[in-house]
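The structure appears below as structure tokens.
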Amino acid sequence: MIRGAVLNDVGECPPPELDGVAIAEMLARTMVHGATTAGSAGFVDAARWAACLRSVDPFGIERREHRLAFWINVYNALARHGLAALAVRRTVWEVWNFFGRVRYRVGGYTFSLDDIEHGVLRGNRARRLPPWPAFRRGDRRAVLAVVPPDPRIHFALNCGARSCPPLAVYRAEQVDRQLDLATRSFLAQEVALEGDRIVCSKLLKWYRADFAGPGGLASFLLDHLDDGPARRALAAGAPPCAAFRPYSWTVGAGARR
789 MIRGAVLNDV
799 GECPPPELDG
809 VAIAEMLART
819 MVHGATTAGS
829 AGFVDAARWA
839 ACLRSVDPFG
849 IERREHRLAF
859 WINVYNALAR
869 HGLAALAVRR
879 TVWEVWNFFG
889 RVRYRVGGYT
899 FSLDDIEHGV
909 LRGNRARRLP
919 PWPAFRRGDR
929 RAVLAVVPPD
939 PRIHFALNCG
949 ARSCPPLAVY
959 RAEQVDRQLD
969 LATRSFLAQE
979 VALEGDRIVC
989 SKLLKWYRAD
999 FAGPGGLASF
1009 LLDHLDDGPA
1019 RRALAAGAPP
1029 CAAFRPYSWT
1039 VGAGARR
């Protein structure tokens, strides 16, 4: 398992048969709420749902809200599955290339955490390192990219680090509301006025280009911050995210919604 890093190539899918979006929701639910360590009853149950992904046609998930919910749930489940299966103790950096190495097979294709985040959910935009798209020319998976991407996904993806957004199970019919809630909750905790500077999570530094819609990052924050000192300073003309707080990669349980 460790060498191949495709974590769902073994096991049988439990009945009854469900569509791909429902399978991903069940996988996320069991992985988020039940799986603790490899071998636990919750982990075994989640691994069976992960096996179901092998029969899912990713190209058949066409509606935007279905695609968002499906891939967010798969990402969060894969991250927790990888941490448990590879016995990560302190940080994901204990495992060489964790984000590119741990994978699920979905249909006839494998997807790493990088593939899901940068290739699908970020619309196949370049990663920080290496600085090129996850899906290269000729890769059929490129058609799965969510275009235009929704920058709120950054507040839904949880790789297991303490500074990641909280875990949640996403539902296709509620995904827009859930993403809005996740964004507002995360920004309320991670964007603050300290002295005369607005201090932000490093997620807003690493992915600033994803917030380059009309008005840029400042407009995004004004739209999603609750009223308070940071929002009032921003509305008065303070530059957004003049400083960034340290990002903790220490593995933590993560709050659950």
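With my numbering, you'll find the sequence shown wraps up at 1045, consecutive numbering, no jumps. Just so you know, even glycine gets a beta-carbon here, dropped at the ideal spot from N, CA and C.
- Less than 8 Å divides the Cβ of Val979 from the Cβ of Leu1013.
- Distance from the CA of Val798 to the CA of Arg842, rounded to the nearest whole angstrom, comes to 10 Å.
- Comparing C-alpha distances from Arg915 to each of Arg852, Asp938, Arg940, Gly888 shows the shortest one belongs to Gly888.
- If you look at Tyr863, you'll find it in the alpha helix (DSSP H) that goes 852-873.
- Distance from the Cα of Arg851 is smallest, within the candidate group Asp964, Ala1006, Gly1040, for Asp964.
- Taking C-beta separations shorter than 6 Å and ignoring five residues to either side along the sequence, the partners of Val794 in its chain run Arg891, Arg893, Thr898, following chain order.
- Setting aside the 5 residues that flank it on each side, Ala976 is surrounded in the same chain by Asp1014, each with a C-beta closer than 6 Å to its C-beta; the list follows chain order.
- For Asn912, the CB contacts under 6 Å within the same chain, skipping 5 residues up- and downstream, are Pro921, Phe923, Ala930, Ala933 in chain order.
- Cys947 sits in coil when the DSSP states are folded into three classes, being neither helix nor strand.
- Assigned with DSSP and collapsed to three states, Cys988 falls in strand.
- Listed in chain order, the non-local C-beta contacts of Arg836 below 6 Å within the same chain comprise Gly799, Pro802, local neighbours out to five positions each way being set aside.
- Sequence-distant partners of Ser951 (beyond 5 residues in either direction) whose C-beta falls short of 6 Å from its own C-beta, in its chain, are Tyr1035, Ser1036.
- Under DSSP, Thr1038 forms a beta bridge with Thr879.
- The bridge partners DSSP lists for Arg893 are Thr898.
- Taking C-beta separations shorter than 6 Å and ignoring five residues to either side along the sequence, the partners of Ala865 in its chain run Leu815, Ala816, Met819, following chain order.
- Taking every protein chain shown into account, the CB of Trp859 has 16 or more other CB atoms within 10 angstroms, so this residue is buried.
- In chain order, Val809, Glu853, His854, Ala857 place their CB closer than 6 Å to the CB of Ala960, counting only its own chain and leaving out the 5 sequence neighbours on each side.
- The criterion of a C-beta distance shorter than 8 Å is not satisfied by Arg1020 and Ser989.
- In this structure, Val844 is the residue among Val876, Val844, His821, Ala834 with its C-alpha nearest to the C-alpha of Glu805.
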